[in-house]
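All letters in the sequence shown, in the order written, are residues 44 to 213 by this note's numbering.
The beta carbon of each residue, even a glycine, is placed where N, CA and C say it ideally should be.
Just so we're clear, the structure is a prediction, and the values are computed from it rather than from any experiment.
So the structure is just underneath, and the comments pick up after that.
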Amino acid sequence: MNDIKLIIRSLLPEGIYWQGKNFLKLIDGIASAFNNVLKCTDDILIETFPLTAIQTIDDWEDSLQIIPISNEIDKRRISLVAKLAATGGNTYEYFLTLSKALDKNSEILKSNAQYFRAGSSRAGESLGYSANDEYKVIFVFSDQNNKLLIIETLEYSRPAHLLFIYKFRS
């Protein structure tokens, strides 16, 4: 704030009004207003990305149609980022991107690209709930703290014909 006061003082011509206390208070008030503007611009940068949002987290959830599953702000942020990363379809890359948004150290151990698809799969083929490995996706995560959130987020995006298996490293 002192820098702002110095800048304002350097812009004004010197004169008799510099001796009055009211003038110096006016300079302090103007500097304080500029300081608040600078702080608000920093806050705007924080609020533009859901992983750092604080005040706009409700707006982010509304725009992405997410119902908060927790009151903890960190868990809400993670679900927002996962929803934003969830673009694509029923592919290995889609699920890997989604899992990486939840835990950057995650991996998929087993995933087969031959998922059941209407129009290309045959009637009577397994939907993935048997011993058939081609419809199983095994996720491995290192984040033990957000276990429930990770499972709930992935289950929300899971197609009905796939079986998700979750493993967490200790």
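Sequence-distant Cβ neighbours of residue 63 in its own chain, meaning closer than 8 Å and more than five residues away, do not exist here.
Secondary-structure assignment with DSSP links residue 207 through a beta bridge to 180. Going by C-alpha positions, residue 201 is about 13 Å away from residue 139. When Cβ pairs closer than 8 Å are counted between the two stretches, the stretch 62 to 76 is seen not to touch the stretch 96 to 109, the count staying below three.
Here residue 196 is buried, its C-beta having at least 16 other C-beta atoms within 10 Å.
Runs of the alpha helix (DSSP H) spanning 4 or more residues and lying entirely within the stretch 73 to 148 occur at 100 to 106, 116 to 128, 135 to 145, in chain order. Contact between residue 145 and residue 193 holds: CB atoms are separated by about 5 Å, below the 8 Å threshold.
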